[in-house]
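Student: Attaching a single structure in structure tokens format; questions to follow.
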Amino acid sequence: MSGRNMTEITYAERLTRTLSRLGYTHCFLVPGGGIMHLVDAARKNMTVVPFVHEVSAGIAAEYFTETSSTNGGDKAYALVTTGPGATNAMTAIAGAYLESRELLVVAGQVKSADLAGGGIRQRGIQEVDGRGMAEPVSKETIQVVEPIVDQQLAGAVRSGAMPRQGPVFVEVCLDAQGAPVDETDIDVSADDHALEPLVLAARDAFPDVHRRLLAARRPVVLIGGGVAPGAFRGMRDRWARVGLPVMTTWNGFDRVPDDFPYFAGRPNTWGQRSANILLAQADLVLVLGSRLGLQQTGFNWQAWTNGEVIQVDVDGSELTKGHPGTSRGLQADANTILALLFEQEYASDMQWLNHIDRVRELVPIIDPANTHGQDFLSPYALVDQLADWMSPGDVLIPASSGSGQFVPMETFRLKEGQRVITNKGLASMGYGLAGAIGAALATPDARVVLVEGDGSFSQNLQELGTVAVQQLDLKIFLLANDGYASIRTTQRNYFGGAYVGCDQASGLGLPDWPSLVRAFGLPVVDVGSDGLAAPQVAELLEAPGPAVFVVSVDPEQTYFPKVTSRVREDGGMESNPIHRMSPELSEEIAAEVFQSWS
Ligand SMILES: Cc1ncc(C[n+]2csc(CCOP(=O)(O)OP(=O)(O)O)c2C)c(N)n1
Ligand SMILES: [Mg+2]
Numbered sequence: 002m003s004g005r006n007m008t009e010i011t012y013a014e015r016l017t018r019t020l021s022r023l024g025y026t027h028c029f030l031v032p033g034g035g036i037m038h039l040v041d042a043a044r045k046n047m048t049v050v051p052f053v054h055e056v057s058a059g060i061a062a063e064y065f066t067e068t069s070s071t072n073g074g075d076k077a078y079a080l081v082t083t084g085p086g087a088t089n090a091m092t093a094i095a096g097a098y099l100e101s102r103e104l105l106v107v108a109g110q111v112k113s114a115d116l117a118g119g120g121i122r123q124r125g126i127q128e129v130d131g132r133g134m135a136e137p138v139s140k141e142t143i144q145v146v147e148p149i150v151d152q153q154l155a156g157a158v159r160s161g162a163m164p165r166q167g168p169v170f171v172e173v174c175l176d177a178q179g180a181p182v183d184e185t186d187i188d189v190s191a192d193d194h195a196l197e198p199l200v201l202a203a204r205d206a207f208p209d210v211h212r213r214l215l216a217a218r219r220p221v222v223l224i225g226g227g228v229a230p231g232a233f234r235g236m237r238d239r240w241a242r243v244g245l246p247v248m249t250t251w252n253g254f255d256r257v258p259d260d261f262p263y264f265a266g267r268p269n270t271w272g273q274r275s276a277n278i279l280l281a282q283a284d285l286v287l288v289l290g291s292r293l294g295l296q297q298t299g300f301n302w303q304a305w306t307n308g309e310v311i312q313v314d315v316d317g318s319e320l321t322k323g324h325p326g327t328s329r330g331l332q333a334d335a336n337t338i339l340a341l342l343f344e345q346e347y348a349s350d351m352q353w354l355n356h357i358d359r360v361r362e363l364v365p366i367i368d369p370a371n372t373h374g375q376d377f378l379s380p381y382a383l384v385d386q387l388a389d390w391m392s393p394g395d396v397l398i399p400a401s402s403g404s405g406q407f408v409p410m411e412t413f414r415l416k417e418g419q420r421v422i423t424n425k426g427l428a429s430m431g432y433g434l435a436g437a438i439g440a441a442l443a444t445p446d447a448r449v450v451l452v453e454g455d456g457s458f459s460q461n462l463q464e465l466g467t468v469a470v471q472q473l474d475l476k477i478f479l480l481a482n483d484g485y486a487s488i489r490t491t492q493r494n495y496f497g498g499a500y501v502g503c504d505q506a507s508g509l510g511l512p513d514w515p516s517l518v519r520a521f522g523l524p525v526v527d528v529g530s531d532g533l534a535a536p537q538v539a540e541l542l543e544a545p546g547p548a549v550f551v552v553s554v555d556p557e558q559t560y561f562p563k564v565t566s567r568v569r570e571d572g573g574m575e576s577n578p579i580h581r582m583s584p585e586l587s588e589e590i591a592a593e594v595f596q597s598w599s
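When you line the sequence shown up against the numbering used here, it's residues 2 to 599, in that order.
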């Protein structure tokens with residue numbers, strides 16, 4: 002008998018029940034003594050999924066919550082122990098911050114009496130200042146030294162879901178976790194009006210936006226991740242009436258299917274050349290929910306577009322940061338602007354619409370200049386085949402670095418209902434597998450497809466164990482090209498091919514993939530130049546459950562088109578605008594696609 006009063010529970014239990022009330026259903030954790038009460042409370046209140054490494058638990062929680070926003074709205078949090086548990090989670094926290102995504106990390110902390118202070122580095126065993134480290138990359142952080150009221154916890158957790166979204170870090174001292182508290186009356190009611198001024202600002206601004214769109218001859222609407230994932234679902238006929246050419250950023254990728262009326266592609270530094278060219282020629286770009294970072298506009302942002310730019314973003318500092326020279330910044334809710342846009346009809350200039358079709362026809366998504374040895378499968382062909390094979394409702398997780406990221410982001414053709422999630426802000430290796438596990442746990446009825454390079458995969462491959470235990474319906478495509486093709490390219494272009502740590506010959510240690518996958522008890526097959534058509538590949542692809550496909554990619558595979566940069570004499574870098582990609586288009590095609598407008 003603990004002697005505890007019947008109406009008392011631990012604060013850890015109360016905190017966890019509070020999270021349940023806030024929509025959290027899943028807890029991704031690596032257990033530890035520093036979170037023993039929180040682990041036990043999670044066991045009783047959540048679906049607990051153990052991960053092998055905390056960074057994966059954090060990344061998976063980000064992707065789970067993002068994926069389930071269009072699939073029931075359940076949320077997952079990461080639970081990590083004090084010290085190394087917290088430090089291991091930092092990459093995931095930074096990633097969610099840069100990508101403006103929800104991520105709740107609950108961490109342990111030493112007993113309140115053992116907290117360091119007075120300039121010493123450590124008092125408690127495994128003590129480290131988790132809150133201090135998380136602070137610059139979190140929306141809110143709390144250190145709980147004694148039980149706090151539910152409203153305070155709920156307020157902090159909720160703030161992560163409010164514009165501009167971001168991670169929340171809650172660190173709980175061991176004695177606070179175990180402290181007895183009352184069991185009754187958990188209160189998470191909120192009176193939150195954070196969005197209201199942004200909605201009002203959008204309504205106020207819309208008449209002017211509308212006027213400018215009516216006056217524009219070559220308009221483009223660019224949809225970013227600030228637009229809700231489901232915003233365009235079921236809106237095909239409506240958008241056909243709206244009649245505006247629409248493009249998507251990387252984070253807006255899965256908002257608009259490729260076969261949507263007036264869809265004009267995905268511009269980006271590693272984007273579709275045709276979309277980059279068209280965007281440069283627009284006379285008005287209405288940007289909804291994108292910060293317009295340098296990856297989107299190119300380093301040479303001055304030449305990004307000739308048009309007027311109206312940028313709608315919830316974060317005022319993104320509108321005044323000085324690039325890409327936004328003509329009009331609106332701190333407002335992009336979804337409200339979009340909802341008002343859906344009510345309009347714009348008589349589109351046929352010359353512009355025909356030009357868009359023509360440029361997309363003349364400048365194919367997969368550049369014919371790319372080459373590879375004939376025994377290999379081009380990663381572009383793989384993604385093209387995956388786009389054909391995948392069903393509406395499936396989820397694609399590209400890697401977050403290297404060709405496993407930019408090839409799918411450039412090449413995949415989105416069907417209505419599919420989700421595509423990557424993390425380009427931090428662009429860290431090791432994100433793909435962990436993210437795909439999160440997405441698969443969020444969508445038990447859907448298939449999840451991961452495309453990740455061998456280098457990126459190596460940074461979190463231990464989670465194959467989690468895939469095996471959970472028996473997720475996850476198809477893993479591992480692009481095996483003897484290491485870091487991206488780094489080889491840099492070292493070839495700028496340092497005359499003096500390779501360092503980028504492949505086996507230069508000292509990088511990667512495993513024999515089929516042996517490694519088998520050690521985790523997972524089915525594996527090699528994918529050769531026949532791609533998905535090979536019988537043993539097709540068979541495994543159709544079988545439910547997890548499977549790994551090791552795709553032989555030529556280490557010398559080329560990745561065109563690309564924006565070229567050069568090192569200046571003073572050591573700085575100079576880049577072409579993103580519509581001037583290499584290799585150059587033929588003179589004949591260039592004359593037609595780069596026609597001047599008067
Ligand atoms: C954590 C981390 N460390 C280093 C880098 C730098 N980096 C960018 S791409 C890359 C190689 C990625 O290899 P792989 O996933 O196999 O893709 P590939 O380059 O072969 O297309 C490296 C090391 C990074 N993005 N993230
Ligand atoms: Mg590689």
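Quick reminder that beta carbons are idealized off the backbone N, C-alpha and C, glycines included.
So the candidates are Gly133, Tyr560, Ala232 and Ile477; which of them puts its Cα closest to the Cα of Phe407?
Tutor: Tyr560
Student: Does DSSP put Ser576 in a helix, in a strand, or in coil?
Tutor: strand
Student: Could you tell me how far apart the beta carbons of Gln332 and Ser530 are, in whole angstroms, since I believe they sit closer than 8 Å?
Tutor: 51 Å between Cβ atoms; not a contact.
Student: Can you name the start and end residues of the alpha helix (DSSP H) that Leu289 belongs to?
Tutor: Leu289 -> not in any alpha helix (DSSP H); beta strand (DSSP E) instead, spanning Leu285 to Leu289.
Student: Answer yes or no: does any C-beta atom of chain C fall closer than 8 Å to that of Tyr381?
Tutor: Judged by its chain identifiers, the structure shown contains no chain C, having just a single protein chain.
Student: Tell me whether Asn482 counts as near ligand 2, meaning its Cβ is closer than 7 Å to at least one heavy atom of that ligand.
Tutor: Yes.
Student: Closer than 7 Å to a non-hydrogen atom of ligand 1 - does that hold for the CB of Asp455?
Tutor: yes
Student: Could you give the C-beta distance for Val138 and Tyr98, rounded to a whole number, given that I count them as a contact under 8 Å?
Tutor: Confirmed, about 4 Å.
Student: Would you report the Cα separation of Thr8 and Ser160, rounded to the nearest angstrom?
Tutor: When rounded, the distance between both Cα atoms is 30 Å.
Student: Answer yes if the stretch 535 to 549 comes into contact with the stretch 260 to 270, meaning at least three C-beta pairs across the two stretches below 8 Å, and no otherwise.
Tutor: no
Student: Measuring alpha carbon to alpha carbon, tell me which of Glu100, Glu362, His194 and Leu23 ends up nearest Ala591.
Tutor: Glu362
Student: In this structure, what does DSSP give as the bridge partners for Pro168?
Tutor: Leu104
Student: Here's a check: name, in chain order, each residue in its chain whose Cβ is nearer than 6 Å to the Cβ of Leu427, leaving out the five neighbours to either side.
Tutor: Ala95, Gly96 and Leu99
Student: Roughly how many whole angstroms lie between the Cα atoms of Gln460 and Ala441?
Tutor: 20 Å
Student: Tell me whether Gly508 counts as near ligand 1, meaning its Cβ is closer than 7 Å to at least one heavy atom of that ligand.
Tutor: no
Student: List the residues that DSSP assigns as beta-bridge partners of Ala548.
Tutor: Lys476
Student: Alpha carbon to alpha carbon, what distance is there between Ile438 and Val50?
Tutor: 10 Å
Student: Would you report the Cα separation of Arg239 and Phe207, rounded to the nearest angstrom?
Tutor: 18 Å
Student: By Cβ distance, which residues of its chain are closer than 6 Å to Trp302, with the 5 residues on each side in sequence left out?
Tutor: His324 and Pro325
Student: List the residues that DSSP assigns as beta-bridge partners of Cys28.
Tutor: Val49 and Tyr78
Student: Output the distance between the C-alpha atoms of Gly86 and Val228, rounded to the nearest integer angstrom.
Tutor: 34 Å
Student: For a test of your reading of the model: does the CB of Ala435 fall under 7 Å from any non-hydrogen atom of ligand 1? Yes or no.
Tutor: No, the beta carbon of Ala435 sits no closer than 7 Å to any heavy atom of ligand 1.
Student: Assuming Val452 and Val384 are in contact, meaning their beta carbons sit under 8 Å apart, how far apart are those beta carbons, in whole angstroms?
Tutor: Taking the Cβ atoms as the reference, Val452 lies roughly 7 Å from Val384, within the contact range of under 8 Å.
Student: Could you tell me the boundaries of the alpha helix (DSSP H) in which Gln297 lies?
Tutor: Start and end: Leu295 to Thr298.
Student: Suppose the cutoff is 6 Å on Cβ atoms and the five residues either side in sequence are ignored; what does the same chain contact list for Glu141 look like?
Tutor: Ala157, Ser160 and Val169
Student: Can you tell me whether Met2 is buried or exposed, with buried defined as 16 or more other CB within 10 angstroms of its CB?
Tutor: In this prediction, Met2 scores a pLDDT of 43, lower than 50, which makes its location untrustworthy; no coordinate-derived value is stated.
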